[in-house]
Structures are given as C-alpha cells and as structure tokens.
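Asker: Quick one: this structure, given as structure tokens, is what I'll be asking you about.
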Amino acid sequence: MGGGYAVRRLAGAALGVWAASESIEACASRLLIPRYVVPHPGPHVLLVLGFHNPDPARINAVNRWRAEVALRSLPSHGSVRIIVSGGARGDGLSEAALIGRYLAERGLDPGTIVLEEDSLSTWENVLNSRPLMQDAATVTIVSNPLHALRARWYLRRQDPDLARRLTRAADHRIGEHAWAKPAVTAYGLRDLAIAAVGLVGRDTSVPPRADALAATRRRREAR
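Throughout, our numbering is defined as the position within the sequence shown, counted from one, plus 127.
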C-alpha cells in the first residue's frame, strides 16, 4: 500500500510539473506580441532561429521541429519571406542551410527562403536579420516559445519600430513533445534569467554578456 501511494504521489508530481511547463510555454508564446499591428505594406516575414546541429550534413530533430513550426505559422494570404538564421560551428552546412533545405524539401518555394549564415548567438540572429526585415508587414519569430520570447525581447531593444510588427507563431500546442517539455521549459527559463542579468547596466545596442561570450567561443571553436 505504501508503495502504491508513493507511485501515485510521484505521478501526481510529474503531472504537476508537466502542467506548469505547459502553462509557462503557453504564456511565453503570447508575451511581447502587440495587441494590434498597424497595417504596413510588404511581405509577411518569418524569422526561423537555428539550433546547434552537431552533424553538419543532416538536420537534427530540433531544427526539423522549428521548420515544421514555420510551415504551420505561414499566413493564409499575402507574400511571404522566410529568413532562416544560424551559422556553422565548423565544416559543413550551416544551421540556416540545413533548415532551408528541409523547408524546400517540404514544398516551400525556395525563392521565398533567405539564409542568414553568420549568426552564432540569439542576439546575432536578430541583429543580422534586421536588414532583411525592414520592409516587413509583419514579423513572426519561430523557435520554441521561451527562445522566441527572448528573441522578441532582443528585437524590442534593438529596433522598437520593427518590434511593433511582431505576430505570434504557432509554436505552442498542448501535449506536443510532452515528455521533453519540462526540461525544455527549465532550459528556456534559465537562458532568460541569464540574459536578464547580462543586460543589467548595458546599452540597448549591446548584447547580453552570455550571448557575446557564446558567439566569441563558437567562432574560436569553428576555426
């Protein structure tokens, strides 16, 4: 009887952790999204953020999922531009190239895909993609919800006018990858906290300390 009670308590705790992570991800998906986007001529732009891909010849599960989120986030009307951002950390294809190739294989018009292959941090993803988004009617940042939230925060610091055109991606679905959700949420919250601490006292044009250090380290490792 004691063993059964312990199992039930453990199951209840696991369910509570999962429910909390789902709630956090759902909220993150909606934060820093303007309630109303002022009509603006131009294409609907999706900025897809790459993830470290240890095998430079084959897209990994995280980048494949982000590409699928981009596909289900496409607007129903108007022209579209897909910016895929993420550099290479060594020989082989960049994160952007791997995701771009996958999107084309899934039927997306290659003419709508633009690769940004120099970035090695989230701050750089946003910074280097901004020139490609200035004519956007709307901007949708695609990643897992907490990472996309951090990128939206960076965009607000770098370019408040462009941030007023942000719209929500279809990046949260209840139960999707439920087994990994608590760990992904904890990782995302940790990165948000590190970014917040790293921005204290810094000018809006300067990246968080962690992003700056990460980009420097990754470039050194890629040599």
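Built from N, CA and C at the ideal position, the CB exists for glycine as well.
Enumerate in chain order the residues of its own chain whose CB-to-CB distance from residue 274 is below 8 Å, with the five nearest sequence positions on each side excluded.
Answerer: Here the set comprises 176, 249, 315 and 318.
Asker: With a threshold of 8 Å on Cβ separation, who are the neighbours of residue 145 within its own chain once the five nearest residues in sequence on each side are excluded?
Answerer: Cβ neighbours of residue 145 beyond the five flanking positions: 305, 308 and 309.
Asker: Pull up the distance between the alpha-carbon of residue 162 and that of residue 154, whole angstroms please.
Answerer: One C-alpha to the other measures close to 14 Å.
Asker: How big is the Cα-Cα spacing for residue 200 and residue 299?
Answerer: Cα-Cα distance, rounded: 11 Å.
Asker: Taking DSSP's pairing of strands, which residues face residue 171 in a bridge?
Answerer: Answer is 207 and 265, bridged to residue 171.
Asker: Grouping DSSP H, G and I as helix and E and B as strand, with all else coil, what is residue 303?
Answerer: Correct three-state label for residue 303: coil.
Asker: Taking the Cβ atom as the reference point for each residue, do residue 301 and residue 195 lie within a distance shorter than 9 Å?
Answerer: No, Cβ-Cβ distance for residue 301 and residue 195 is not below 9 Å.
Asker: CB residue 291 to CB residue 172, shorter than 9 Å?
Answerer: Contact: no.
Asker: Can you list, in chain order, the residues of its chain with a C-beta nearer than 7 Å to that of residue 311? Leave out the 5 residues immediately preceding and following it.
Answerer: 271, listed in sequence order.
Asker: Give every residue of the same chain whose Cβ lies closer than 7 Å to the Cβ of residue 218, excluding the five residues on either side of it in the sequence, and list them in chain order.
Answerer: 183.
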